[in-house]
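**Q** Okay, here's the structure, questions in a sec.
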Amino acid sequence: MILDLYLLFLGVAVLVMLGVVITIGLALFRRGRTPVDGDPPAEGEPGKFRAVAGATLATGFILLVLLVSSAYVGQVTSREPGQDERPITVNVIGHQWWWEFRYIDDQPSRTFVTANELHIPVGRPVILRMTSRDVIHSFWVPNLHGKIDLMAGRTNTLRIRADEPGEYRGQCAEFCGLQHAKMAFVVVALPEEEFDGWVEESLRPAAEPGTELAQQGREVFLESQCSLCHTVRGTGAWGTIAPDLTRIGSRRTLAAGTVPNNRGTLAAWILDPQHIKPGNFMPATQLPPDRLHALVAYLEGLR
Amino acid sequence: MHDQAYTAPTAAELEELDRTWDSPPGLLGWFSHVNHRSIGRRFIVTAFIFFLLGGIQALLMRLQLAVPENTLIDPDTYRQLFTMHGTTMMFFFAVPVMEGFGMYLVPLMIGTRDMAFPRMNAFGYYVYLIAGVVLYGAFFLGMAPDAGWFSYTPLAERQFSPGLRVDFWATMVTFIEVSALVAAVEMIVTIFRQRAPGMTLNRMPLFVWAILVMSFMIIFAMPPLMIGSVMLALDRTVGMQFFVAGGGGDPLLWQHVFWFFGHPEVYIIFIPALGMVSSIIIAFTRRPIFGYTALVLALVATGILGFGLWVHHMYAAGLPQLGMSFFTAASMLIAIPSGVQIFCWIATLWDGRLVFRTPLLFVLGFLVIFVAGGLTGVMVASVPFDLQVHDTFFIVAHLHYVLIGGAVFPLFGGVYYWFPKMTGRMLSERLGRWNFWTLAIGFNLTFFPMHQLGLEGMPRRVYTYVDGLGWNGMNMAATLGAVLIAVSVTLFLVNVAVSLRRGAIAGNDPWEADSLEWTAESPPRNYNFHPIPSVAGLYPRWDTRAGRMTPPVLGLRNDVREVLVTDPLDAEPDYKSVLPHPSYAPLILAFACTVAFLGAVYDVRWVPVGGVLAFFAMVYWNWPGTVERTPPWKEAGRGER
Chain L
2 MILDLYLLFL GVAVLVMLGV VITIGLALFR RGRTPVDGDP PAEGEPGKFR AVAGATLATG
62 FILLVLLVSS AYVGQVTSRE PGQDERPITV NVIGHQWWWE FRYIDDQPSR TFVTANELHI
122 PVGRPVILRM TSRDVIHSFW VPNLHGKIDL MAGRTNTLRI RADEPGEYRG QCAEFCGLQH
182 AKMAFVVVAL PEEEFDGWVE ESLRPAAEPG TELAQQGREV FLESQCSLCH TVRGTGAWGT
242 IAPDLTRIGS RRTLAAGTVP NNRGTLAAWI LDPQHIKPGN FMPATQLPPD RLHALVAYLE
302 GLR
Chain G
22 MHDQAYTAPT AAELEELDRT WDSPPGLLGW FSHVNHRSIG RRFIVTAFIF FLLGGIQALL
82 MRLQLAVPEN TLIDPDTYRQ LFTMHGTTMM FFFAVPVMEG FGMYLVPLMI GTRDMAFPRM
142 NAFGYYVYLI AGVVLYGAFF LGMAPDAGWF SYTPLAERQF SPGLRVDFWA TMVTFIEVSA
202 LVAAVEMIVT IFRQRAPGMT LNRMPLFVWA ILVMSFMIIF AMPPLMIGSV MLALDRTVGM
262 QFFVAGGGGD PLLWQHVFWF FGHPEVYIIF IPALGMVSSI IIAFTRRPIF GYTALVLALV
322 ATGILGFGLW VHHMYAAGLP QLGMSFFTAA SMLIAIPSGV QIFCWIATLW DGRLVFRTPL
382 LFVLGFLVIF VAGGLTGVMV ASVPFDLQVH DTFFIVAHLH YVLIGGAVFP LFGGVYYWFP
442 KMTGRMLSER LGRWNFWTLA IGFNLTFFPM HQLGLEGMPR RVYTYVDGLG WNGMNMAATL
502 GAVLIAVSVT LFLVNVAVSL RRGAIAGNDP WEADSLEWTA ESPPRNYNFH PIPSVAGLYP
562 RWDTRAGRMT PPVLGLRNDV REVLVTDPLD AEPDYKSVLP HPSYAPLILA FACTVAFLGA
622 VYDVRWVPVG GVLAFFAMVY WNWPGTVERT PPWKEAGRGE R
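Residue numbers (this note's numbering), protein chains in the order written: chain L, 2 to 304; chain G, 22 to 662.
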């Protein structure tokens, strides 16, 4: 729809542009370049008046067509989805500089939280209720829909629907401070059964450490400052001011799309987050190599 | 007055008149100038210096964005750069440069000797200069504002922007608006009350109309911003909660206040440029303009409609759909007066005998680029489309098409056109053509790819972007274009520097143009005109050249700064008014106000201190006998003729 509207506007714009440029070109090369001294000619003839008035009327008419089509598209794309379309609801909370996604369900036990990756089912409408914990952010996935601002004290709603499975990149569009450039996220559209499976997995407590190393890693996690800010469901870590790490091992990127998520970047991020994303609110954590190694093994296992 | 037998003025008379209107010499005397040409020239030169500073900031940003994940500029510097770039270009370049041209040209175009309140003029300039110097002082001390030229709350609140950076922005922006308001009042009064006899409203040059509309827009648009920025400063300094959601305020209120100013601001910049375009088109087509009345009405309509569009900057803020569609309609509506003007200009070109000199080249560049920018403007007026491109590089492209295409191209044209009048020498035509073509190519190379970047999802105000999104080539092209623009501006500076010394001598009327300023000398004598001309048509200079003489206006004293005051509609002579002579009072008052404003950055208790100082400065300013008396350093005059 929006693409069609864009093409309509673009077509009209190109035609008008060509018309104006050609007319100017004709006007320029219609007469010789020899100025004549003496009296300038008199006021323009009536024929020119008709041309100018006609062009003005045409402008008005074109604008009217564009206005109506714009209003129509606006109406259709912001329609409320019916219950038969089985919409799902996600609360989106903007933070400097990451995204919190809270999946809402009628049963409170079936709500869960994740960060920087929004999984949605293909073909079902998704109602996103937006707010912000701090400054204004703007949620935008160019290939799914337009953008809407996230503001503290307000809830804005955006409805999206993915018709094809795949990954769609999104990014904050409202200047939100130092690391506005590095506040990306990804929308993962899954076929419905896969999405249901993903939801069930997300509802479970965090995965138990599979190895002895990871076991030690969990102790490191709970003993150090990590748990003051982060949550790993099913453990003693329930900090809420930083991203939920219950399934951090399954995420594609770290620090809201800043670096790919792998063992090396994870370790580097924990040791010196200010180097990777200057100004973010995660403090550096000093750990001896063996404890860091264990911690990374634990986090990687949280899938 | 017309009945008096007319004899050409003697050299001695002119000499005396010149001394009466002379400005004091020397560096110290410089600070007491009040002459409209002196002050107007200062505005223009200062604004161009800010233009260069803002341009250097833009170039640095483009260098940073040339390649993905670049580390040339750190994120903290980058946000200061784009905040300063926007603030500089909007507040410290575009508006002041237009005011400067208005101050310089309006009295010459309407045939008077100075503006209505010369000392206010000087005061406005010092306020502008001080605000700019303070803001740049903060910049070089690493305390430049960093929340964007729009300073959205809550980001601009103390909680998220600690330190003094945003305080400098809020107070200096308020301060410079004082300067704009002073200039606006000044120009409205001058235009309404000092036109040469016979210059009825419908014989006023289009440039003067444009300055009049701009001044009224300033009077209605700037106070909301001043109030808004004062509220922001109060939030930050004394803990008010105007824009704090948690304290019962509303961050959206700031956006409404800011854009209620911010959108008219665009037209404040752009309307005087339209006036320049009309002046240049008349002079270089050698014919009366097509549709004078339509052009005047279009200027006025743009000025009024410009106040009904502000919400189209806020489509993504979650406002009700129906309400926004009204603003879509209003935003599209403004294309009609713009269209009318374009059509009238094309009709004029169609029948004109064109003289292809540099000013006309810039106007033709303006026509093409501005139409492109206007068309993308119609596109972003549509809510569903705008939600895609809002806050992306598409908007960056659009706004530079309308502001550079719509204002900077005519401005360069205007400089080439009026430089001979201001300096007595012509700018080089050869360098001028190079200047034009490098600017036109560089501009399009920089900003055209940005449309596509925005459509592909690149947001604005990012200090870097990741590799692999297909944005690299277009960003590199934009950076190369920016370098070409820098080359073009350098050529312009070279042209000005060389032509000031070695340019061809211009004479009074190098372009065989139509309006009154071309009857004065180049550069004009201190008194502009003697005798004051009277006007019988829309193109007085052409009337004179064709031998249709109008009676001169006599009876103004030579030994006192007298101007003729005429009535607002028909320009019938009303009475004579005596203007004040040069004085240091404007400078002193500007310093007193600086104490209040700059002090407010640190502690609001400085405001009353500045107020008391300002009181004494105003007493000095108005001290009986110092205002209208012939300056003491002048020889005694000869008395009434």
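Where a beta carbon is used, it is the ideal one built from N, C-alpha and C, also for glycine.
1. Quick one: give me the first and last residue of the beta strand (DSSP E) that residue 96 of chain L is part of.
2. Within 10 Å of its beta-carbon, does residue 100 of chain G have 16 or more other beta-carbons around it, so buried, or fewer, so exposed?
3. Looking at the unbroken alpha helix (DSSP H) that takes in residue 394 of chain G, where does it start and where does it end?
4. Determine the direct distance from the alpha carbon of residue 371 of chain G to that of residue 34 of chain L, and round the result to whole angstroms.
5. Return the Cβ separation of residue 452 of chain G and residue 524 of chain G in integer angstroms, given the expectation that the two are a contact with Cβ distance under 8 Å.
6. Excluding the five sequence neighbours on either side, which residues of its own chain have a C-beta within less than 8 Å of the C-beta of residue 266 of chain G, listed in chain order?
7. For residue 640 of chain G and residue 305 of chain G, I'd like the C-alpha separation in whole angstroms.
8. Should the stretch 435-442 of chain G be regarded as contacting the stretch 169-186 of chain L, the criterion being three or more beta carbon pairs within less than 8 Å?
9. Between which two residues does the alpha helix (DSSP H) carrying residue 132 of chain L extend?
10. Would residue 230 of chain L count as contacting chain G if we go by Cβ distances under 8 Å?
11. Please confirm if residue 96 of chain L has its CB atom under 8 Å from at least one CB of chain G.
12. Are residue 24 of chain L and residue 367 of chain G close, meaning C-beta to C-beta below 8 Å?
13. Taking 8 Å as the CB-CB cut-off, is residue 342 of chain G touching chain L?
14. Span of the beta strand (DSSP E) holding residue 598 of chain G?
15. Look up residue 157 of chain L in the DSSP assignment and say whether it is helix, strand or coil.
16. Just how far apart, CA to CA, sit residue 360 of chain G and residue 22 of chain L?
17. Roughly how many whole angstroms lie between the Cα atoms of residue 109 of chain G and residue 74 of chain G?
18. Which same chain residues end up closer than 7 Å to residue 242 of chain G when comparing Cβ atoms and leaving out the 5 residues on each side of it in sequence?
19. Use the C-beta contact count for residue 302 of chain L: other C-beta atoms within 10 angstroms, 16 or more gives buried, fewer gives exposed.
20. Since residue 139 of chain L sits in a beta bridge, which residues does DSSP pair it with?
21. Of all the CB atoms in chain G, is at least one closer than 8 Å to the CB of residue 23 of chain L?
22. Please classify residue 30 of chain L: is it buried, with 16 or more other beta-carbons within 10 angstroms of its beta-carbon, or exposed?
23. By the 8 Å beta-carbon criterion, what residues does the stretch 52-64 of chain L contribute toward chain G?
24. Please name the residues in the stretch 268-291 of chain L whose beta-carbon is closer than 8 Å to at least one beta-carbon of chain G, in chain order.
25. Beta strand (DSSP E) containing residue 122 of chain L: first to last residue?
26. Which term fits residue 119 of chain L, buried or exposed, when burial requires 16 or more other beta carbons within 10 angstroms of its beta carbon?
27. Alpha carbon to alpha carbon, how far is residue 132 of chain L from residue 412 of chain G?
28. When DSSP labels each residue in this structure, what does residue 480 of chain G get in the three-state scheme?
29. Please list, in chain order, the chain G residues whose beta carbon lies closer than 7 Å to that of residue 175 of chain L.
30. I'd like to know if residue 89 of chain L contacts chain G, where contact means its C-beta is closer than 8 Å to some C-beta of that chain.
31. Could you check the C-alpha separation between residue 189 of chain G and residue 355 of chain G for me, to the nearest Å?
32. Run through chain G and tell me which residues come within less than 7 Å of residue 79 of chain L, C-beta to C-beta.
33. I'd like the span of the beta strand (DSSP E) that includes residue 362 of chain G, first residue to last.
34. Excluding sequence positions up to five away, which residues of its chain have a Cβ less than 7 Å from the Cβ of residue 558 of chain G?
35. For residue 150 of chain G, which residues from the same chain have a beta carbon less than 7 Å from its beta carbon, with the 5 sequence-adjacent residues on both sides left out?
36. Could you list the residues in the stretch 121-143 of chain L with a C-beta less than 7 Å from some C-beta on chain G, going in chain order?
**A** Here's the rundown:
1. On the first sequence, residue 96 of chain L is found 95 positions in, with the first residue counted as 1. Element bounds for residue 96 of chain L: 89-96.
2. As a working note, residue 100 of chain G is residue 79 in the second sequence. Residue 100 of chain G is buried by the Cβ-count criterion.
3. Position 373 of the second sequence, counting from 1, holds the residue named residue 394 of chain G. Taken as a continuous stretch (DSSP letters only), the alpha helix (DSSP H) holding residue 394 of chain G covers 379-402.
4. In the first sequence, counting from the first residue as 1, residue 34 of chain L sits at position 33. In the second sequence, counting from the first residue as 1, residue 371 of chain G sits at position 350. Interpretation of residue 34 of chain L is limited by its pLDDT of 49, a score under 50 that renders its predicted location unreliable; the figure taken from the coordinates is listed afterwards. Cα to Cα, residue 34 of chain L sits roughly 12 Å from residue 371 of chain G.
5. Indexing the second sequence from 1 puts residue 452 of chain G at position 431. Indexing the second sequence from 1 puts residue 524 of chain G at position 503. About 10 Å; that fails the 8 Å criterion.
6. Here residue 266 of chain G corresponds to residue number 245 of the second sequence, with the count starting at 1. Hits under 8 Å: 175 and 272.
7. As a first step, residue 640 of chain G is located in the second sequence; it is residue number 619 there, counting from the start. As a first step, residue 305 of chain G is located in the second sequence; it is residue number 284 there, counting from the start. So the alpha carbons of these two residues sit roughly 49 Å apart.
8. no
9. Taking the first sequence and counting its residues from 1, one reaches residue 132 of chain L at position 131. Segment 127-133 is the beta strand (DSSP E) holding residue 132 of chain L; no alpha helix (DSSP H) there.
10. In the first sequence, counting from the first residue as 1, residue 230 of chain L sits at position 229. No, no contact with chain G.
11. Taking the first sequence and counting its residues from 1, one reaches residue 96 of chain L at position 95. By this cut-off, residue 96 of chain L is not an interface position.
12. Numbered from 1 along the first sequence, position 23 holds the residue referred to as residue 24 of chain L. Numbered from 1 along the second sequence, position 346 holds the residue referred to as residue 367 of chain G. Cβ atoms of residue 24 of chain L and residue 367 of chain G: closer than 8 Å.
13. Here residue 342 of chain G refers to the residue found at position 321 of the second sequence. Closer than 8 Å: yes.
14. Here the question's residue 598 of chain G lines up with position 577 in the second sequence. Run containing residue 598 of chain G: 594-599, per the beta strand (DSSP E) assignment.
15. On the first sequence, position 156 is the one that residue 157 of chain L refers to. Residue 157 of chain L: strand per DSSP, three-state reduction.
16. Reading the second sequence from its first residue, position 339 is the one you call residue 360 of chain G. Reading the first sequence from its first residue, position 21 is the one you call residue 22 of chain L. Each residue's alpha carbon lies about 14 Å from the other.
17. By one-based count along the second sequence, residue 109 of chain G stands at place 88. By one-based count along the second sequence, residue 74 of chain G stands at place 53. Cα to Cα, the separation comes out at about 8 Å.
18. Taking the second sequence and counting its residues from 1, the one referred to as residue 242 of chain G is at position 221. So the list reads 282, 285, 286 and 289, once near-sequence residues are dropped.
19. Locating residue 302 of chain L in the first sequence gives position 301, counting from the first residue. Answer is buried; the Cβ neighbour count reaches 16.
20. For the purposes of this step, residue 139 of chain L is identified with residue 138 of the first sequence, where counting begins at 1. Answer by DSSP bridge pairing, in chain order: L:150.
21. The sequence position of residue 23 of chain L within the first sequence is 22, counting from 1. No - not a single Cβ of chain G is within 8 Å of the one on residue 23 of chain L.
22. Counted from its first residue, the first sequence places residue 30 of chain L at position 29. Residue 30 of chain L comes out exposed.
23. 52, 53, 56, 57, 60, 61 and 64
24. 279 and 280
25. Counted from its first residue, the first sequence places residue 122 of chain L at position 121. It spans 118-122 - the beta strand (DSSP E) in which residue 122 of chain L sits, taken as one unbroken run.
26. The residue labelled residue 119 of chain L in the question sits at position 118 within the first sequence. With 16 or more other Cβ atoms within 10 Å, it is buried.
27. Within the first sequence, numbered from 1, the residue matching residue 132 of chain L stands at position 131. Within the second sequence, numbered from 1, the residue matching residue 412 of chain G stands at position 391. Taking the straight line from one Cα to the other gives about 18 Å.
28. Your numbering for residue 480 of chain G matches position 459 in the second sequence. Of the three classes helix, strand and coil, the one that applies to residue 480 of chain G here is strand, per DSSP.
29. Sequence index remark: in the first sequence, residue 175 of chain L carries index 174 (1-based). 412, listed in chain order.
30. Locating residue 89 of chain L in the first sequence gives position 88, where the first residue counts as 1. Not closer than 8 Å to any Cβ of chain G, the Cβ of residue 89 of chain L fails to qualify, so no.
31. Your numbering for residue 189 of chain G matches position 168 in the second sequence. Your numbering for residue 355 of chain G matches position 334 in the second sequence. Roughly 35 Å separates the two Cα atoms.
32. Indexing the first sequence from 1 puts residue 79 of chain L at position 78. Near residue 79 of chain L (Cβ distances below 7 Å), the residues of chain G are 342.
33. The sequence position of residue 362 of chain G within the second sequence is 341, counting from 1. Premise fails: residue 362 of chain G lies in the alpha helix (DSSP H), 356-372, not in any beta strand (DSSP E).
34. Position 537 of the second sequence holds residue 558 of chain G. Hits under 7 Å: 224 and 564.
35. Here residue 150 of chain G refers to the residue found at position 129 when the second sequence is read from its first residue. Once the five neighbours on either side are set aside, the close Cβ partners of residue 150 of chain G are 67.
36. 135, 136, 137, 139 and 143
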